[in-house]
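Under my numbering, the residues of the sequence shown are numbered 1299 to 2185, in order. Everything on this sheet refers to the single structure shown next.
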Amino acid sequence: MMAWLWRLYLVLGIALTAAYYLLPSESAGLFVWSIIGWSSVIAIIVGIAVNRPDLRVAWYLLAAGVAMQVIGDNLYNYRTIVQHLDVANPSYIDLAYLPMYPLVIGGVALLVRRRTSGRDRSSLIDVGIITASLGLLTWVLLIGPYIHSMHIGAPERLISIAYPIGDIALVATATRLAVGGGRRTTAFWLLTASIIPMVGADTLYSYLSLVGVYPEHSFIEAGWIAFYIGWGAAALHPSMRALSTPTPSSARISTVRLLVLGSAALVPPAVLFTQGALGQAPDTISIALAGTVLLVLVLIRTARVAQHAAAERSEARFRTLIDKTSDAIVVIDGKGRIRYHTSSTERMLGRSASELEGTSLSELLAEDDARRLVVLLTSDTVSTTLGWRIQHADGRWREVEVTADDLRAASDVGGIVFTMRDVTDRNRFDLEFRRQTLHDSLTGLANRKQFIVRVAQTLTSGKRSDRPVAVLFVNLDDFKMVNDSLGHAAGDTLLIAVAARLTTVARSGCRVARLGGDEFGLLLENGHADGGPKLAAVRVQAALQPPFLVTGKQISVRASIGIAVGSPWTHSADNLLRDANLAMSFAKQMGKDRFELFLPAMHEKATRRLDVAAELLGGIERNELTVHYQPIIDVSNGHIVGAEALARWQHPTLGLLLPKDFIPIAETTGLIGALDRWVLNEACRQTNEWKNADVVDESFHVNVNLSAVHLRDPSVVETVNAALNASGLDAQALVLEVNESALIEDHDSSRASLDSIKEVGVRVAVDNFGIGYSSFAHLIKFPIDFIKISKSFIDHVNTTEGATMVRALVDLAHSLGHNAIAEGVEHLDQARAIELLDCDFVQGNLFAEALSPSDIAVLLVNQFVAIGSAGSPQLRWPQPDPYAQRA
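Laid out in structure tokens, this is it:
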């Protein structure tokens, strides 16, 4: 009977719908509409009675909710059609409409709870995504406008937004029913599908009422009609009993569901775009909040999908593990014949199934491994791990890692199970990795790590014979110039060639390694054999003597070599290498292209340098440093026109230290910047004090050295300005001396810093000029005022070649508009020669050593140095009492 009753109800519902739209609006609203609504309530109650579902209370709640909706419709139609009155907002009719939502939502929620077997968090997340997107649309279209409307009161506003909120809650509950577990019967589709047109009709009604254009007796009512008829037919269908039957939910996500969720996630940007296109002010906060909620939910849902996919893949892998694993599984009987094997065994050994089955496994193994298999077959070992060499069909041997499990006692196996993994490539990779770990990738020589290990091993073995061990530390001289001039590729080529030559030097008991960069090490296992380590150093120098051909250019290579000889009883590998490195540093300091044997005094000196470095910063902070000044003299009239500021350190235990004792240390420890700033500030202060006291005139200038590190400091100009401002010294009275090599090492940065310094008004001098780093092309690019000719040229100025070189440098300075200063003048004949070469200024111990501020102040007050007139060169120095007071 019920099989046709629900169809009959659908037919009658369609007929009533047609009558509703064909009859006049008054008759349709009063009679046809009531019949449609109450027929739905009656159909639900009849369906409960006839089909007897397990969860009747849910259906009774649905019937009650529909009844409240019908009552509200009847009251609305009576007031508008019979009484011809407008429906106030709020009104008593809302007391019928609004209870519909909790009743219907409660009924649907009970069905969801009964249908769900276990927790279904994925469905809850999907409901959240859909609800959030619909909530945003409802807010933008209905709730927001009602809340912000200035034409309605608070009660009307609350009632107006209650309907869309109820619709959202109903959609959320229905969505949870739709996406959750349970059978999808006809009753299920009728029930869930009918909610969509009802909610759509509610939404359109609310929106059109909001804008004041709602048309009576329109297509919108079809949504409510579909709701009434759909729910009545769902209750009458026999499958309504299955709606309360629990079934497991599927973790899979269908394409339709994925499209719906994806569309829901696009609602916030779509709303934002639409409002922008319509010229409306965007609901930024609402869109951002909804977008955030959707983003979080989508991320969580994506993670759960990924987890489920991983679980499915894991399960699939497990199902095919035995037959599809890369590990070969072989089962042999008590006589060693293969009874079973996986298909991966065929791939590993390159043999077909017919070739393997029944074959004796020992025939495939190397001879030694075959003997081990015989022992295994005759023993009672339950499980063991082996390493075998097994022959591939192509004749090559494969290395395999084998786990053997003796399951001969197991009735379902009855044999020994071998799980074999091909480790041939892995072992080859490990071997190559170990080789690369212990060898230099460029030259192929042993690297520092392996060299130290070998030194340690040699020291250990040397204890038995009590023979010394020697290490040579070889560092190429000026290798950086090759990289800078020819490029790093050429430098690498040169290093490879050097390594090859050093290898030819190595004799029996000698090992060669590349320690890093342009550093090489030689280990002599017997430090006194074959002429000793000094002869080995001579052989290294001889091997490097012939020029190397690199990129078509012949390059001469020289090396500084440090030698350390150690006893196996007193030295470690690290100490021996450290001593050799230290001896190499001393060879560099002694002029390069030489070798030095390590002496304990070298370590003491290095330790002292370390102590000085540790104390230097404290010395600056404790004002232990002072500035002495060496005069700069005008050759034309003998007047002192300036002075170079030179730092001195009054060390509390070591006494007065000269710059050579601590400036190199400051450069290597990073303290040179702090030292530069201190000297700069003190020199500027002292010079301005002299000027204010009329000790010197306004033309007097002070020269301050600026290190390469400080020159590249972005704050160098700020430092110079700060010193000038703090002292009050005019910028023209300050000359910054920059070493020639510092200009070339970082050309662009140095040029930029000097340009900025010149803008301040400070003058610049190139110190130690002519030692071979610069060229005329470089010199003309820098904003320079003075060129200080290196002392190495002044020392030979009395020779023809030396005078020619100094003359060339002076002429070069003058041609560029610079003044030339001869520094390091120590002898009278040098001073006379310099005068004849038209040099502008001189400086050196011949005239005065660097003096304390008080001593040079006396000299400045009484100063007059003259170099005799042309044709009769002579030097007249008045030699005043340095401690005389100014008159």
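C-beta: ideal position from N, C-alpha, C; glycine also.
Might you give, ordered along the chain, the residues of its own chain that have their beta carbon closer than 8 Å to the beta carbon of residue i, omitting 5 neighbours on each side?
i     : result
V1848 : V1780, L1784, A1788, T1791, L1792 and A1795
K1832 : I1861, F1893 and L1895
D1371 : W1331, S1332, G1335 and W1522
A1540 : G1480, R1481, T1483, A1485 and F1486
Buried or exposed: where does residue i fall if 16 or more other Cβ atoms within 10 Å of its Cβ makes it buried?
i     : result
S1652 : exposed
P1298 : Residue coverage of the chain in this structure runs from 1299 to 2185, which leaves residue 1298 outside it and unanswerable.
R1694 : exposed
T1985 : buried
M1398 : buried
F2067 : buried
Q2141 : buried
L1320 : exposed
R1617 : Here R1617 scores only 46 on pLDDT, less than 50, and its place in the model is too uncertain to base an answer on.
W1302 : exposed
D2053 : exposed
M1366 : buried
E2038 : buried
L1306 : exposed
L2078 : At residue 2078 the sequence reads Ile, which differs from the Leu that was named. Flag for I2078 reads exposed.
S1677 : exposed
D1764 : exposed
N1725 : exposed
M1888 : exposed
G1528 : buried
Between the C-alpha atoms of residue i and residue j, what's the straight-line distance to the nearest angstrom?
i     : j     : result
Y1318 : S1492 : 19 Å
V2018 : N1979 : 8 Å
A1485 : I1391 : 31 Å
P1567 : I1585 : 8 Å
D1875 : T1701 : For the sequence presented, residue 1875 should be read as Leu rather than Asp. Near 46 Å, if we compare the C-alpha coordinates of T1701 and L1875.
R2135 : P1844 : Per the sequence shown, residue 2135 should be read as Leu rather than Arg. If I take the Cα positions, the gap works out to 40 Å.
K1886 : G1814 : 17 Å
G1574 : L1434 : 16 Å
S1641 : L1654 : 11 Å
V2036 : L2004 : 5 Å
R1752 : D1872 : 11 Å
R1377 : A1499 : 21 Å
V1410 : I1459 : 26 Å
A1811 : A1754 : 14 Å
E2191 : S2048 : Because the chain is modelled from 1299 through 2185, residue 2191 falls outside the range shown and cannot be assessed.
D1631 : D1704 : 10 Å
A2063 : D2083 : 6 Å
A1744 : L1736 : 6 Å
V1497 : Y1374 : 18 Å
CB-CB under 7 Å to residue i, same chain, minus the five flanking residues each way: which ones, in chain order?
i     : result
V1993 : A2155, L2158 and V2159
E1965 : S2005 and V2007
A2271 : The structure shown has nothing for residue 2271, since the chain only spans 1299 to 2185.
S1537 : T1483, T1484 and A1485
Since I believe residue j is in contact with residue i (beta carbons under 8 Å), could you give me their beta-carbon distance rounded to a whole number of angstroms?
i     : j     : result
L1956 : Q1948 : In fact, because the Cβ distance is near 11 Å, the residues do not count as touching under 8 Å.
A1834 : L1770 : 6 Å
V1925 : D1932 : Between D1932 and V1925 the Cβ distance is about 22 Å, and since that is not below 8 Å, they are no contact.
N2001 : I1930 : 7 Å
S1542 : L1353 : 4 Å
Please determine whether the Cβ atom of residue i lies at a distance below 8 Å from any heavy atom of the ligand GTP.
i     : result
L2034 : The ligand GTP is absent from the structure shown, which contains no ligands of any kind.
With DSSP as the reference, please indicate the residues paired to residue i in a beta bridge.
i     : result
V1767 : G1864
L1705 : G1713
K1989 : None; K1989 has no bridge partner.
M1538 : Per DSSP, none; premise fails for M1538.
H1606 : Note: H1606 sits in no beta bridge, so no partner.
P1929 : A1941
L1774 : A1857
Q1852 : L1847
M1718 : A1626 and V1700
V1594 : In DSSP, V1594 forms no bridge with anything.
C1808 : L1822
A1691 : A1691 pairs with nothing; no bridge assigned.
D2136 : BP columns for D2136 are empty, so no partner.
To which residues of the same chain is residue i closer than 6 Å at the C-beta, ignoring the five residues directly before and after it?
i     : result
I1343 : A1361
G1405 : A1356, L1359 and L1360
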